[in-house]
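Peer 1:
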Amino acid sequence: MEETILVLDKIKKSFDGVSVLNGIDLEAKRGEFITLLGSSGCGKTTTLRIIAGLESPDSGRVLLSGADVTDTEPNHRNVNTVFQNYALFPHMNVETNIAYSLKLKKKKAPEIKKTVAEALALVQLEGYGKRMPSELSGGQRQRVAIARAVVNEPEVLLLDEPLGALDLKLRRQMQLELKRLQQTLGITFIYITHDQEEALNMSDRIAVMRGGVFEQLGSPAEIYELPRTAYVASFVGSANILTGRCAGGGDTVAVDFPGGTGSALRRDWQGREGDSVTLAVRSENVQLLSSDDSRGIPAAVTETRFAGGMLRISSKLEDGTEVVISRYGIGTDLVSGDAIRIDWAAENAVIVLPDSEVAHE
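This is the structure we're talking about:
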């Protein structure tokens, strides 16, 4: 059985009477890469600071390797943090930055030299030891910050949007680099970001945060393919959210919309005929049909646009619901106002909880 290295048990936190965390529960295994994903103000940074010991919870516990560290000072927790601004000492070269904490621990000079050399090799910066931080690129400074953190052999490495200051191309390179590094080290990473791509590319599990709670915690595939709520579906991958009425069915639920019917696999949904049903359907799974097709639901084109070789067709149903259809390629004869019909395979539609049914205590 995999060893549990970090436990957050019913963590709550408020600032000036405003609730920020509303009962966070998390178990992280040794060597696991977990991302806290959410928009600004959702509570992810506060969660990270509580793990690090930089904030104290109002209630709940933080356990590290089975020991309760809720009231333990940050410097006595085997946890290190990498910040977005890297927080390197500008007056120290790369080697001295990495060695700083080892000197504080009064390690012997030969051991420090060996550990620093190993850390530089790990982050692929051999030969950069004498350079100053101002002489490095953003990606190199980020790797130095990680090397400085891992020489302490933390049980958990916390990463607070460390790629936020990098350009898009470098961010994508560093996503691969970070994942390689994490797998090599075997350290538990707790990573926070608002970037869906980062979360999906690097994580073993993702906790989608909103309003101080986890709306859903699962693997990237689970979060993307089987979102629990309308918010998760629309935040991760921008799914279309449609609400209709159950028209019956068994394992496959028929759903009536204005002018037509769609379908979805029932999965765990316990509703009955006549109940409201909210579906999430990814834009790439929406089928574009001609207006005289008998299948699907009538809609009208509102806009066509291109993004990175992808054609995105925006449309509206008769009740005003927007539905986006995406296709690779840029060729289309459709223009705003054209009548179309849309459909999807039942297995590509997920029944989700609408916001009105999601509890945020």
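Sequential numbering from 186 applies to the sequence shown in the working numbering.
Glycine included, C-beta positions come from ideal geometry on N, C-alpha and C.
All figures in this text were calculated on a predicted structure; none of them were measured in a lab.
Tell me which residues share the same chain as Lys288 and place their Cβ nearer than 8 Å to its Cβ, disregarding the 5 neighbours each side in the sequence.
Peer 2: The residue given as residue 288 occupies position 103 in the sequence shown. Only Ile297 meet the Cβ criterion.
Peer 1: Using the rule of at least 16 other Cβ atoms within 10 Å of the residue's Cβ for burial, across every protein chain shown, is Thr266 buried or exposed?
Peer 2: The sequence position of residue 266 within the sequence shown is 81, counting from 1. Per the 10 Å Cβ criterion, buried.
Peer 1: Check Asp243 in the structure and name its three-state DSSP category.
Peer 2: In the sequence shown, the residue the question calls residue 243 occupies position 58. DSSP places Asp243 in coil when its eight states are reduced to three.
Peer 1: Is the separation between the beta-carbon of Leu310 and that of Val336 shorter than 8 Å?
Peer 2: Along the sequence shown, one-based indexing puts residue 310 at 125. Along the sequence shown, one-based indexing puts residue 336 at 151. No, these two residues do not count as a Cβ contact at 8 Å.
Peer 1: For a test of the three-state rule: what should DSSP assign to Met495, helix, strand or coil?
Peer 2: Taking the sequence shown and counting its residues from 1, the one referred to as residue 495 is at position 310. In this structure, Met495 counts as strand in the three-state DSSP scheme.
Peer 1: Please state whether the Cβ-Cβ distance between Ser475 and Val509 is less than 8 Å.
Peer 2: Within the sequence shown, numbered from 1, the residue matching residue 475 stands at position 290. Within the sequence shown, numbered from 1, the residue matching residue 509 stands at position 324. Not a contact, by the Cβ cut-off of 8 Å.
Peer 1: Which residue or residues does DSSP assign as beta-bridge partners of Arg512?
Peer 2: Residue mapping note: residue 512 aligns to position 327 of the sequence shown, counting from 1. Arg512 is bridged to Leu496.
Peer 1: Alpha carbon to alpha carbon, how far is Glu503 from Val486?
Peer 2: Indexing the sequence shown from 1 puts residue 503 at position 318. Indexing the sequence shown from 1 puts residue 486 at position 301. Their backbone Cα atoms lie some 11 Å apart in a straight line.
Peer 1: Rounded to whole angstroms, what's the CA-CA distance from Met186 to Leu344? Just pull it up for me.
Peer 2: As a first step, residue 186 is located in the sequence shown; it is residue number 1 there, counting from the start. As a first step, residue 344 is located in the sequence shown; it is residue number 159 there, counting from the start. Since pLDDT at Met186 reaches only 48, below the 50 mark, its modelled position is unreliable, and the value read off the structure follows with that caveat. If I take the Cα positions, the gap works out to 26 Å.
Peer 1: Tell me Arg395's beta-bridge partners as DSSP assigns them.
Peer 2: The residue labelled residue 395 in the question sits at position 210 within the sequence shown. BP columns for Arg395 point to Val398.
Peer 1: If you count every other CB in all the chains shown that lies within 10 Å of the CB of Arg452, and 16 or more means buried, which is it?
Peer 2: Mapped onto the sequence shown, residue 452 falls at position 267. Its Cβ having fewer than 16 others within 10 Å, Arg452 is exposed.
Peer 1: Using 8 Å as the cut-off, can you tell me whether the region 253-267 makes contact with the region 218-238, which would need three or more C-beta pairs spanning the two stretches below that distance?
Peer 2: The region 253-267 vs the region 218-238: in contact.
Peer 1: Output the residue ranges of the alpha helix (DSSP H) runs that lie fully inside the region 273-329 and measure 4 residues or longer, sorted by chain position.
Peer 2: Entirely contained in the region 273-329, the alpha helix (DSSP H) runs reaching 4 residues are, in chain order, 279-289, 294-307.
Peer 1: With Asn386 as the anchor, note down where its alpha helix (DSSP H) starts and where it stops.
Peer 2: Your numbering for residue 386 matches position 201 in the sequence shown. Segment 381-387, the alpha helix (DSSP H) holding Asn386.
Peer 1: Would you say Val462 reaches chain D, if we count a Cβ-Cβ gap shorter than 8 Å as a contact?
Peer 2: No chain D appears in this structure, which consists of one protein chain only.
Peer 1: Short of 7 Å in beta carbon distance, which residues of its chain neighbour Ala304, apart from the five on each side in sequence? Order them along the chain.
Peer 2: As a first step, residue 304 is located in the sequence shown; it is residue number 119 there, counting from the start. Excluding sequence neighbours, Ala304 sits near Ile283, Ala332, Val335, Val336.
Peer 1: Along the beta strand (DSSP E) that carries Gln472, what are the first and last residues, could you check?
Peer 2: Indexing the sequence shown from 1 puts residue 472 at position 287. Residues 472-475.
Peer 1: For Glu340 versus Leu411, is the C-beta distance shorter than 8 Å?
Peer 2: Residue mapping note: residue 340 aligns to position 155 of the sequence shown, counting from 1. Residue mapping note: residue 411 aligns to position 226 of the sequence shown, counting from 1. Their beta carbons are not under 8 Å apart, which means Glu340 does not touch Leu411 by this criterion.
Peer 1: The alpha helix (DSSP H) that contains Ser419, what's its start and end?
Peer 2: In the sequence shown, counting from the first residue as 1, residue 419 sits at position 234. First-last of the alpha helix (DSSP H) with Ser419: 415-420.
Peer 1: What's the C-alpha gap between Ile527 and Thr506?
Peer 2: Residue numbering aside, residue 527 sits at position 342 when the sequence shown is read from its first letter. Residue numbering aside, residue 506 sits at position 321 when the sequence shown is read from its first letter. C-alpha separation (whole angstroms): 13 Å.
Peer 1: For Ser461, which beta-bridge partners are listed by DSSP?
Peer 2: Position 276 of the sequence shown, counting from 1, holds the residue named residue 461. Bridge partners of Ser461: Arg430.
Peer 1: Going by C-alpha to C-alpha distance, which of Phe268, Leu361, Gln325, Glu400 sits closest to Val279?
Peer 2: As a first step, residue 279 must be located in the sequence shown, where it is residue number 94. Closest by alpha carbon: Gln325.
Peer 1: Give the DSSP-derived three-state secondary structure of Ser521 in the structure shown.
Peer 2: Walking along the sequence shown from the start, residue 521 turns up at place 336. The answer is coil: DSSP assigns Ser521 none of H, G, I, E or B.
Peer 1: CA-CA distance, Ser521 and Ala272?
Peer 2: Walking along the sequence shown from the start, residue 521 turns up at place 336. Walking along the sequence shown from the start, residue 272 turns up at place 87. Cα-Cα distance, rounded: 51 Å.
Peer 1: Drop a sphere of 10 angstroms on the beta-carbon of Ala530, count the other beta-carbons inside from all chains shown, and report buried for 16 or more, exposed for fewer.
Peer 2: Translated into the one-based positions of the sequence shown, residue 530 becomes position 345. It is exposed - the Cβ of Ala530 has fewer than 16 other Cβ atoms within 10 Å.
Peer 1: Out of Glu488, Pro347, Arg413, Gly447, point me to the one whose CA is closest to Arg480's CA.
Peer 2: Translated into the one-based positions of the sequence shown, residue 480 becomes position 295. If we check each option's Cα against that of Arg480, Gly447 comes out closest.
Peer 1: By the 10 Å Cβ neighbour count, where 16 or more other Cβ atoms means buried, how is Ile190 classified, buried or exposed?
Peer 2: Indexing the sequence shown from 1 puts residue 190 at position 5. So Ile190 counts as buried.
Peer 1: Apart from the five residues just before and just after Glu458, which ones in its own chain have a Cβ nearer than 7 Å to its Cβ?
Peer 2: For this step, residue 458 is matched to residue 273 along the sequence shown. Correct list, in chain order: Cys431, Ala432, Gly433.
Peer 1: Throw me the rounded Cβ distance for the Gly216 and Gly371 pair, which I believe falls under 8 Å.
Peer 2: Your numbering for residue 216 matches position 31 in the sequence shown. Your numbering for residue 371 matches position 186 in the sequence shown. Gly216 to Gly371, Cβ: 5 Å. Contact.
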